[in-house]
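Residue 98 in my numbering sits at position 96 of the sequence shown, with consecutive numbering throughout.
What follows is a set of notes on a single structure, which appears directly below.
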Amino acid sequence: MSSDTPKGGVAVPVAPRRLTLAACAPASYGFVAPADAPATERMIAGKETDPGAIRAHVGRLLDHHERMLGRAGAAGAQLAVLPEDILRLGGMIREHRGQAFCRAAVEAAYETSLQRLGAVCRRFGMHAAAGVATCRDGRYYNTAVLLDAAGKLVASYDKTHLPAPEKGTYDAGTALPVFDTALGRIGMLICWDIVFPEPYAVLALGGAELILQPTFGHWEESDDLTARCRARDWSVPLAIGMWGGCAGILDAEGNYAARTGRVGDSLAVATLDLATPRKWLWMNDVRTEKRPLRSPQLYGPVARV
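Listed below in structure tokens is the structure:
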């Protein structure tokens with residue numbers, strides 16, 4: 003049992019809140035039958051327009067991710083994190099976003115994803131987060147969803163920071179919400195969001211106890227350093243789902259509790275205690291004690307466009 007030490011100096015026992023996480027690194031190539039590989043490559047490149055071929059592609063990708071979630075569930079995970087854009091629809095949206103078939107395909111793929119991933123969640127009594135494309139009111143978003151142990155959608159976040167290649171593909175989200183869930187208060191970021199320190203800080207200051215990051219851009223040592231700094235800055239653990247390898251789970255001190263390395267179709271599993279005091283230097287809880295030490299009046303240039 004961990005303890006919190008208030009300013010009075012007497013340690014107060016805190017009941018542990020252990021959570022077993024699985025960070026998933028599904029293979030980015032070679033996961034379909036050789037006969038299906040050309041169709042998959044055509045779809046990823048944004049060259050496919052046939053609705054039947056698009057549905058078949060979605061089915062193949064979901065087969066791939068169901069297997070990964072099944073492994074996570076069998077390993078005892080209570081929450082699994084898949085990568086960004088699990089259906090690889092970004093190319094299609096980039097090339098055909100103004101066409102009716104594209105909107106219909108994205109909407110149908112989204113619903114199918116919730117149904118099939120939700121079924122795996124129900125089977126294992128496990129939560130799961132994944133990156134999916136969404137279309138609402140004719141606008142496309144790079145979205146992360148969180149399903150609960152009953153397979154129900156309980157959280158949805160639209161990527162707020164878009165790199166240049168995504169500017170003509172998606173619209174940016176406009177909020178950084180923290181969600182109350184059965185597992186605790188959870189925030190989500192997607193890939194490029196983590197390049198900027200502010201989104202992580204906003205989630206931490208909003209009370210996030212855990213942050214999930216579906217991504218398609220975590221490969222180098224510099225990415226490890228960025229992730230470690232974000233988690234350590236605000237003492238909020240981070241779970242990263244990444245295509246092809248480099249998925250990982252970081253604790254509140256910014257240390258890797260588990261990681262996959264550059265290995266496709268691999269899984270990083272670790273158990274964290276969300277009740278662990280978020281200590282740093284002399285602070286007992288960075289999330290609350292760091293706020294009054296900031297000097298927001300100096301940060302105007304960072305906030306200006």
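All C-beta atoms, glycine included, are put in the ideal place defined by N, C-alpha and C.
Run of the beta strand (DSSP E) containing Y133, from where it starts to where it stops
The displayed chain sequence assigns Gly, not Tyr, to residue 133. Note, G133: beta strand (DSSP E), 129–138.
Return the Cβ separation of A110 and T22 in integer angstroms, given the expectation that the two are a contact with Cβ distance under 8 Å.
Contact doesn't hold; Cβ gap of about 33 Å is too wide.
D65 - containing alpha helix (DSSP H), residue span:
53–76
What do you reckon, are the CB atoms on G153 and A121 nearer than 9 Å?
yes
6 Å Cβ shell around G75 - same chain, five flanking residues per side excluded:
F126, M128
Taking its Cβ as the centre, do 16 or more other Cβ atoms sit within 10 Å of A39, making it buried, or is it exposed?
exposed
DSSP on S115, reduced to helix/strand/coil?
helix
Going by the CB atoms, is the gap between Y143 and D173 shorter than 9 Å?
yes
Taking the continuous alpha helix (DSSP H) assigned at Y202, which residues delimit it?
199–207
Mapping the DSSP letters down to three states, classify I192 as helix, strand or coil.
coil
For M45: DSSP bridge partner residues
Partner(s): none; M45 has no beta bridge.
Given this structure, state the Cα-to-Cα distance separating L283 from R264, to the nearest angstrom.
33 Å
Within the continuous alpha helix (DSSP H) that includes L227, where are the two ends?
223–236
Please check the pair C248 and A27, which I expect to be a contact at CB under 8 Å, by giving their CB distance rounded to whole angstroms.
7 Å
Member of A130, R289, P216, A210 whose CA lies at the smallest distance from the CA of D160:
P216
What number of angstroms, rounded off, separates the C-alpha of L71 from the C-alpha of Q299?
45 Å
Would you report the Cα separation of M244 and T145, rounded to the nearest angstrom?
15 Å
D1 by DSSP, collapsed to three states: which one?
It is not possible to answer for residue 1, since the shown part of the chain is limited to 3 through 307.
Taking only three categories from DSSP, how would you classify R296?
coil
Does S297 pass the burial test, meaning 16 or more other C-beta atoms within 10 Å, or should it be called exposed?
exposed
Does the beta-carbon of G48 have 16 or more other beta-carbons within 10 angstroms, so that it is buried, or is it exposed?
buried
What whole-angstrom Cβ distance do A233 and L252 have, given they're in contact under 8 Å?
4 Å
Using only the alpha-carbon positions, how far apart do A184 and D150 sit?
8 Å
If we ignore side chains and look at the alpha-carbon of each, how far apart do P167 and A17 end up?
46 Å
Using CA atoms only, rank isn't needed, just tell me which of G302, V204, I196, G209 is closest to G219.
I196
Specify the secondary structure class of I95 as computed by DSSP and reduced to three states.
helix
Where does P18 fall in DSSP's three states?
coil
Please report how far the alpha carbon of T228 lies from the alpha carbon of R261, in whole angstroms.
15 Å
Quick check on the burial criterion: 16 or more other C-beta atoms within 10 angstroms. Buried or exposed for V60?
buried
Outcome for S224 when other beta-carbon atoms lying within 10 angstroms are tallied against a minimum of 16:
exposed
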